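Colleague:
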Amino acid sequence: MDNSKTFWLPEKASTFVDTVDPAFDLYLWISIFFFGLIVILITVFTVKYLRRRPDQLATAQITHNLTLELSWTIIPLIIVMGLFFLGMKGYLHMRVAPSGYMQVNVKAQKWSWGFEYPSGAINDTLVVPVNTPVKLVMTSRDVLHSFYIAAFRTKADVIPNRYHALWFQATRTGIFPVQCTQYCGTNHSYMLTAVKVVEQEAYNEWLATASDPGKGKTPAEFGAILYQKRGCSACHSVDGSKAVGPSWKGLFGRQENCGAGGMIMVDEAYIRESMMVPTAKVVMGYQPVMPIFKGVLSEREIVALIEYIKTLK
Amino acid sequence: MIAHVHHENINYLKASKGLKNWLVTVDHKRIGMMYLASILVFFVTGGTFAGLFRFELWSPLKNFLTPDQYNQFFTLHGVIMVFLVVVPGIPAALGNFILPIQIGAKDLAFPKLNLTSLYLYWIGAAIALYSIVAGHADQGWTMYAPYSLSRNPSVLWMMVAAFILGFSSILTGLNFIVTMHNMRAPGMTWYRMPLFLWAMYATGIMQIFATPVLAITLILLLMENFFGIGIFDPALGGDPLLMQHFFWFYSHPAVYIIVVPGFGITSEIIACFAKKDIFGYKFVAYSSVAIAIIGFVVWGHHMFVAGQSELADSIFSFLTFFTAVPSAIKVFNWTATLYKGSIDLKTPMLYALQFLFNFTIGGLTGIILAILSVDIHLHDTYFIVSHFHYVAMGSTMIAFIGGIHYWWPKMTGKMYNETVGRTAAILVFIGFNVTFFVQLIMGSQGSPRRYYHYQDQFQIYHQISTVGFVILAAGLFMALFNLIASFFNGSVAPKNPWGAKTLEWEEADSPPVLYNFKETPVVTHGPYAFETEKA
Amino acid sequence: MANATAGLPEHHVAHHFDTANQEFDSIKTGMWLFLASEIMMFGALFVGALIFLTLHPAAFREGANHLDWRLGAINTFFLLTSGLTMGLAVIAAQAGQQAKVRMNLVMSLFLASGFLVVKAYEYSLKIHHGTLPGRLWHGEGFHDPFVHVFYGFYFVMTGLHGLHVLIGMGLMIFALTRASKVQFSRSYFTPIEMVALYWALVDLVWVFLFPLLYLIG
Ligand code: HEA
Ligand code: HEA
Ligand code: CUA
Ligand SMILES: [Cu+2]
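So the sequence lines, in the order shown, correspond to chains W, V and H.
Start counting the first sequence at 1; every next residue gets the next number (the numbering used here).
Start counting the second sequence at 314; every next residue gets the next number (the numbering used here).
Start counting the third sequence at 849; every next residue gets the next number (the numbering used here).
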C-alpha cells in the first residue's frame, strides 16, 4: 500500500484511512461531476446565446418543466442520502473502540500535552505500539483544546471537567505530528507534539524506563525532566528569554514585583504557591494564565521542580 | 400633509439638504444609502485586517505580528465581517432601498423603526470599534466558553456590540415581513413578487426567529463573565457544549441569513441580463423558504468533534444533507434560465455568473463537511476556512457587489464606466479563487485554522493565497473607485437602463422621488415578463 | 392636541399608509412577529434549563424544593388576574368606554406591582440564604454540587421575565396617560391592544416558568 500523501490528503498511518479517504475521493468525483456540469452549461449557454444586437430578445420564454425540476430534486437527494450512510458508517467505527485496546490518559493544558500511562509513566509525546488499538481518555485543565493527528484522520475536542475519548490503531511505525485544533489562546499554534508509533518490543522497553523517570536521578535532574514532561517549557524558558511566563533563569532568590501583592522574594514557599495557586500572586507584566497544578504534581515532583529551578542561576 | 406636496416630485437625494436632514430622515432610501456607506466602510476595515494577517502568514515564522496580535486580528476580521458586514449587508442596504419600491409602497411599514435599527447598527458598530481599544479581544468570532470567560473587557464589549447589532437585525427583518404582508401595491400578488423579495422574506423569518437566541447566548455569556452564574463555565459545573449549541442555533441560520439575500440578487440579475423569465419561479421562491426552515435544525454539524452523542451527530448530519436539495434546485434553475436567453455580459451579470461558480464550490465543499467521517478529519482546518469564504465572500459579497452595480443607476442616477467595472469583476474573480482554492488543498492536507505558526510544507499554499489576496484587493478597490467616480461625474442614468421588468425600473425614476412613485403603481404582469424574439 | 371636551378624537394615518386598516394590520403583524422573537429568546432558555434538568435531575429538584411554591402561586395569581384586567381594558376600549379602560389599566398596574413586590421579597430571601448562582454561591446544607447552576437558571430566567414585567408596566403607564387625555376612540385603540398582547406574552412566559422552577421536584 502506498502510504505517502496525495494531492488532497496527507500521509496515511491508521485504519481510519480506509474509511475516510475513499469517502473523500468518491465525493471529490461527485463534486467534479456536478461542478463540471454546471460550469460547462453556463459556458455553452453564454457563448451560444450571447446578445449580439442591443435590442435582441430571448428566443423562448420557458418558465418551467416539471420533469427537470423533479430530476434535479430527486437525484441529489438520493446521492446525499448515500453519502450520509457512508459517513455514518465510517464515523461509528471511529467512535467505538474495539475490545482489547490499550488506554492512555491525556491531559491538555495551555499549551502542551501530557500523556499518562496506566503504569504510571508520564510523557509529553505519545508513544504507542503499532497495530494495536489505543484509546485516549482526554481532559483539559483550562480551556477547550482539540487533539488532532492528520495522518490518522482523527480528532476530538478536549474539554475541562469532562472526559472525551478517542481511539485509533496505527498501521505503521513512524513519527506523526499531533496538533491542537481548538483555538486556545496565544500559543494555540505552538501546541504541538508527536505520536511515535513503534514496534511492540520497542514499546515495552520504552514503557519500562518511562514508568519511573526519577529513578537513579537527583531531584534537580528529575526536575529538568519534569520541566519538559509537565509542560512548564511551554511558558517558561530557562535561558532568560521572556515567554508567556517569566523565565526561570535566576528566578530563585530574585525579587519579583507582584503589583498589589507587593515585592516578593522568590523562595521555596513562593514557588510552591505559584504552582498550587498561581493566581495568588501574579507577577507584573504577565497574564494570570498559568494552570493550577494542585493535585497534579506529586510532592516528590514539586520538590524536584524547586530543586531544578534553584540550579538555574 | 400639505407640507409634503411640493416635495413629491423631487428626487430623494435632493428633497432636503444637509447632514442633519439625513440623520433624522425616515426615508427608506436614505436609510439604505447610509447603511450601504457604513457597511462598505466596515468591509474595507475587515478586509484590511485580513490583508494584515495574510501577509503575516507569508512565512511560518514571525514576520511583523506577534501571536497575540494575529489572534486579535482574525477575531476582529471575523466579528466585523459577520456582524457588521454580511449579516446586515444586503437586507439593510439594498433591501431597505429596493424592497418598498419593488412592491410598490411609499416606504417600509415602520419608517421610524427603520431609522432606529440604523442607529442601533451605529451604536453596535461604535461599541465594536471601542472594544478594539478597550483591550485585546482574541476569542475568535465563535466566542467558545470557557476561553471567552476571561473577563477581558474587550471581549465583553464585543459581546455587547453583537447583542445590539442583533436587535438591529431583528427589527429590519420584522419591518420587511410586515411590509411585504401589508403594503403591496394593487395587483402585486405573492407570485408577482420579484425573487429578491422572496429571499428577503425568508431572511426576515430567520432574523426574527434565530437572532433572539444569539441575544440570550450573549446575555448568558455576559452574566457568566460578571457573576460566574455557572451555566457555561466547566470550572463552576457548567456545560461548555451548551454554549456551543446556543451559539450555533443562531449562527447556522445566520449563514443562511447571509447567503439567501445573495440568492435573491442573483435571480434578479440573471433574469434581467438574459432577458428571460426565471426558470421554475415557484421552485426558486420556495427553495429560499425551505432553506430557511431546514436551516433551523442542522446547527449541530459544527460540533461533530465537540463531544456530542453519536445519535445527535448522526441526526444532525442526516438533516444537514437536506440543505443540498433546495440549493441544487436554485443552481440548476439559474443555469436553465440562461438557456435560449439573450445574454448580456454587463458588469452585474459578470458578478452573478461568478456567484454561480463560487457558490457551487462553496456548497459542494459544505456537503463534504456534513459527511461525518470526513468532517472528523476536516474540522477546524483551512478547508472550513475556504468553505465559508466561498459562500460568504465568494457568493454573498460577490452578489452584494453585483447588486450594487445593478441598482447603482437607480440609487444614484448615475452610470458607471462599464469597461472598468468589467475589468474589476474579472480581477475579483481571479483573485478570489486564487486566494481560497489553495486553502481547500492545504486544509484537507491537515493544516489547522487560527494558526499563527504552521508547518513548513504549507508555506507555498499560504504564499499563493496571499498573492491571490493582492489581486482580489486590487479588483475590489478598482470597482469601488469606479462607482465613487461615477457618482461625481458619471453620465445621467435613464429610468430603465437594463430593460428590466420590475417596478423599481419600470415605474420609479432614477433616482426615485421622495415617496417613490408619483402615483401608486398598479401591477399587471409578473416580475420577469420579457418578450421573445419574433421568428 | 385633543382634550377631554373635544369629543371623539381623530387619528391621523401615517403618510405612507393608504388606510387606517392597513396601518392597524401592519402594527398588529409587527407585534406578533416581535412576540415570536421574544418566545424564541425565552424558549432557548427553557431548552437550556431542560437540558440541565436531564443532566442533573437531583440538583434541579433540590434547588426547586428550596423555592417557596406558595410565593410562586401568589405571583401566578397576580399575573393571571392582571392578564384578565388587560383583556377587559381592550374590551372596554372596543366599546368606547374610556373610564372603564382607565380603571382596568390601573388595576393591571396594581397587580403587576404586587408581582414585583413578591419577587423582590423572594430575591431578598435568596440573598439571605446565599442561594445565588455560581461564583456568588454560599448556600449551606445542600447535597448536590450542581444546585448553584439551578439558581443560575432561576436568576437569569426570572430576572429577564421581571425586566419584561417592568417594561410592560411602563407601556401600561404610557397607555394610561394617553387614555386619560382621551386619545382613544371606538375606532382607534391600537396601543391598548398592543400593550395587552405584550402583557399576554409576559403572562405566558410565567405560566411556563412557574411549574418549571417551582413545581418540579
Ligand atoms: C454564507 C454562509 C454559508 C453557507 C451558505 C453554507 C452552506 C453550507 N454549509 Fe457551511 N459554514 C459556514 C457558512 C456557510 N455554509 C461558516 C461560516 C462555517 C464555519 C464557522 C466557523 O467554524 O467559524 C461553516 C461550516 C460548516 C460546517 C461545519 C464544519 C466543521 O466545523 O467541522 C458544515 C458541516 O456540515 C457545513 C455545511 C454546510 C452545508 C451542507 C451547506 C449547504 O447549504 C450547501 C448547499 C449547496 C450545495 C450543495 C451546492 C449546490 C448544489 C448542487 C450543485 C447540486 C449537487 C450537489 C450534490 C449532489 C451534493 N458548513
Ligand atoms: C463574510 C464574511 C467574510 C469575508 C467577506 C471575509 C473576507 C476575507 N477573509 Fe475571512 N473570515 C471570516 C469571514 C469573512 N472573511 C470569518 C468569520 C473568519 C473566522 C474568524 C475566526 O476564526 O474567528 C475568517 C477567517 C479568515 C482567515 C483564517 C484565519 C485563521 O484561521 O487563522 C483568512 C485567511 O486567509 C481569511 C482571509 C480573508 C480574505 C483574504 C478576505 C478577502 O475576501 C477580503 C477582501 C476585502 C478587501 C480586500 C477590502 C477591500 C474592499 C473594498 C475596496 C470594497 C469594495 C466595494 C465595492 C466594490 C462596492 N479570513
Ligand atoms: Cu490548545 Cu489550541
Ligand atoms: Cu452550519
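Where a beta carbon is used, it is the ideal one built from N, C-alpha and C, also for glycine.
If you're wondering where the values come from, they're calculated on a predicted model, not measured in any experiment.
DSSP state of Met728 (chain V), grouped into three classes?
Modeller: Met728 (chain V): strand per DSSP, three-state reduction.
Colleague: Please name the residues in the segment 80-96 of chain W whose beta-carbon is closer than 9 Å to at least one beta-carbon of chain V, in chain order.
Modeller: Result list: Val80, Met81, Leu83, Phe84, Leu86, Gly87, Met88, Lys89, Gly90, Tyr91, Leu92, His93, Met94, Arg95, Val96.
Colleague: By the 7 Å beta-carbon criterion, what residues does the segment 8-37 of chain W contribute toward chain V?
Modeller: Of all residues in the segment 8-37 of chain W, Trp8, Leu9, Pro10, Thr19, Val20, Ala23, Phe24, Tyr27, Ser31, Phe34, Phe35 have a Cβ within less than 7 Å of some Cβ in chain V.
Colleague: Looking only at its own chain, which residues have a Cβ that is under 6 Å from the Cβ of Ile583 (chain V), when we skip the five neighbours before and after it?
Modeller: Closer than 6 Å at the Cβ level, and outside the excluded window around Ile583 (chain V), lie Trp647, Thr650, Ala665.
Colleague: Should Cys235 (chain W) be counted as a contact of ligand 3 given a C-beta to heavy atom distance under 6 Å?
Modeller: Checking the Cβ of Cys235 (chain W) against ligand 3 gives no.
Colleague: By the criterion of Cβ-Cβ separation under 9 Å, what are the contact partners of Asp626 (chain V) in chain W?
Modeller: Those within 9 Å of Asp626 (chain V) in chain W are Met88, Tyr91, Arg95.
Colleague: The segment 888-902 of chain H: which residues have C-beta closer than 7 Å to a C-beta of chain V, in chain order?
Modeller: Result list: Met888, Met889, Ala892, Leu893, Gly896, Ile899.
Colleague: Please list the terminal residues of the continuous beta strand (DSSP E) segment that includes Ile149 (chain W).
Modeller: Taken as a continuous stretch (DSSP letters only), the beta strand (DSSP E) holding Ile149 (chain W) covers 145-149.
Colleague: Closest to Ala512 (chain V) by C-alpha separation, out of V:Ser757, V:Gln770, V:Ile570, would be which residue?
Modeller: Considering only alpha carbons, the answer is V:Ile570.
Colleague: Can you name the residues of chain H whose CB is closer than 7 Å to the CB of Asp420 (chain V)?
Modeller: The contacting residues are His864.
Colleague: When you compare each of W:Asp157, W:Asn161, W:Thr209, W:Thr171 to Thr320 (chain W) by their alpha carbons, which one comes out closest?
Modeller: The shown model of chain W, from 1 to 313, leaves out residue 320 (chain W), and the question about it has no answer.
Colleague: For a contact meaning CB atoms closer than 8 Å, what does Gln758 (chain V) contact in chain W?
Modeller: What Gln758 (chain V) touches in chain W: Lys5, Trp8, Leu9, Pro10, Ala150.
Colleague: How about His853 (chain V): is its Cβ closer than 6 Å to a heavy atom in ligand 4?
Modeller: Residue 853 (chain V) lies beyond the stretch modelled for chain V, which goes from 314 to 848, so this question has no answer here.
Colleague: Under a CB-based cut-off of 7 Å, is Ile681 (chain V) close to chain W?
Modeller: Closer than 7 Å: yes.
Colleague: Short of 8 Å Cβ to Cβ, which residues in the segment 515-532 of chain V face chain H?
Modeller: Under the 8 Å Cβ criterion, the segment 515-532 of chain V contributes Ile521, Phe522, Ala523, Thr524, Pro525, Val526, Ala528, Ile529, Thr530, Ile532.
Colleague: Which residues, in order along the segment 154-171 of chain W, keep a beta-carbon less than 8 Å from a beta-carbon of chain V?
Modeller: Cβ contacts with chain V come from Thr154, Lys155, Ala156, Asp157, Ile159, Pro160, Asn161, Arg162, His164.
Colleague: Check whether the Cβ of Val491 (chain V) lies closer than 7 Å to any Cβ atom in chain H.
Modeller: True, the Cβ-Cβ gap to chain H drops below 7 Å.
Colleague: DSSP three-state call for Gly756 (chain V): helix, strand or coil?
Modeller: Here Gly756 (chain V) sits in helix by DSSP.
Colleague: So what does DSSP say about Trp167 (chain W), is it helix, strand or coil?
Modeller: In the structure shown, Trp167 (chain W) sits in a strand (DSSP, three-state: E or B).
Colleague: Taking the straight line between their C-alpha atoms, what separation do you get for Glu871 (chain H) and Phe423 (chain V)?
Modeller: If I take the Cα positions, the gap works out to 10 Å.
Colleague: Specify the secondary structure class of Pro129 (chain W) as computed by DSSP and reduced to three states.
Modeller: Note: Pro129 (chain W) maps to strand in three-state DSSP.
Colleague: If I'm right that Lys5 (chain W) touches Gln758 (chain V) with Cβ under 8 Å, what's the distance once you round it to whole angstroms?
Modeller: Between Gln758 (chain V) and Lys5 (chain W) the Cβ distance is about 7 Å, and since that is below 8 Å, they are a contact.
Colleague: Hey, quick one: how far does the alpha helix (DSSP H) through Trp29 (chain W) stretch, first residue to last?
Modeller: Unbroken alpha helix (DSSP H) run through Trp29 (chain W): 17-48.
Colleague: Using the rule of at least 16 other Cβ atoms within 10 Å of the residue's Cβ for burial, across every protein chain shown, is Ala921 (chain H) buried or exposed?
Modeller: Its Cβ having fewer than 16 others within 10 Å, Ala921 (chain H) is exposed.
Colleague: When the Cα of Val398 (chain V) is compared with those of V:Tyr348, V:Phe576, V:Tyr774, which residue comes out closest?
Modeller: Checking every option, the nearest Cα to that of Val398 (chain V) belongs to V:Tyr348.
Colleague: Can the beta-carbon of Asn671 (chain V) be found closer than 7 Å to that of Gly613 (chain V)?
Modeller: Taking 7 Å as the Cβ cut-off, Asn671 (chain V) and Gly613 (chain V) do not qualify as a contacting pair.
Colleague: Residues of chain V with a CB under 9 Å from the CB of Arg983 (chain H): which are they?
Modeller: The answer, in chain order, is Phe540, Gly541, Ile542, Gly543, Asp546, Leu549.
Colleague: Leaving out five residues before and five after Val400 (chain V) in sequence, what residues of the same chain have Cβ atoms less than 7 Å from its Cβ?
Modeller: Ser482, Ala567, Ile570, Ile571.
Colleague: Any Cβ of chain H within less than 7 Å of the Cβ of His614 (chain V)?
Modeller: No, His614 (chain V) lies away from the interface with chain H (no Cβ there is under 7 Å from its Cβ).
Colleague: Just to confirm before moving on: does the CB-CB distance between His64 (chain W) and Gly391 (chain V) stay below 7 Å?
Modeller: In this structure, Gly391 (chain V) does not lie closer than 7 Å to His64 (chain W) by Cβ.
Colleague: Any heavy atom of ligand 5 within a distance shorter than 6 Å of the CB on Trp454 (chain V)?
Modeller: In the structure on display, ligand 5 does not appear, and the ligands it does have are ligand 1, ligand 2, ligand 3 and ligand 4.
Colleague: Just checking: is the beta-carbon of His319 (chain V) within a distance shorter than 7 Å of some beta-carbon in chain H?
Modeller: Low confidence applies to His319 (chain V): its pLDDT is 46, below 50, so where it sits in the model is not reliable, and the reading given next is rough at best. For His319 (chain V), the answer is no, since every Cβ of chain H falls outside 7 Å of its Cβ.
Colleague: Helix or strand or just coil, what does DSSP make of Ser4 (chain W)?
Modeller: Coil.
Colleague: Spatial neighbours of Gln385 (chain V) within its chain, please: CB distance less than 7 Å, with the 5 preceding and 5 following residues excluded, ordered by chain position.
Modeller: Closer than 7 Å at Cβ, skipping near neighbours: His449, Ala450, Asp451.
Colleague: Round the Cβ separation of Thr579 (chain V) and Phe559 (chain V) to the nearest angstrom and send it over; I've been treating them as touching at under 8 Å.
Modeller: With 8 Å as the limit, Thr579 (chain V) and Phe559 (chain V) do not qualify as a contact, their Cβ atoms being about 32 Å apart.
Colleague: Rounded to a whole number of angstroms, what is the C-alpha to C-alpha distance between Ile939 (chain H) and Ile642 (chain V)?
Modeller: If you take the alpha carbons of Ile939 (chain H) and Ile642 (chain V), they lie about 49 Å apart.
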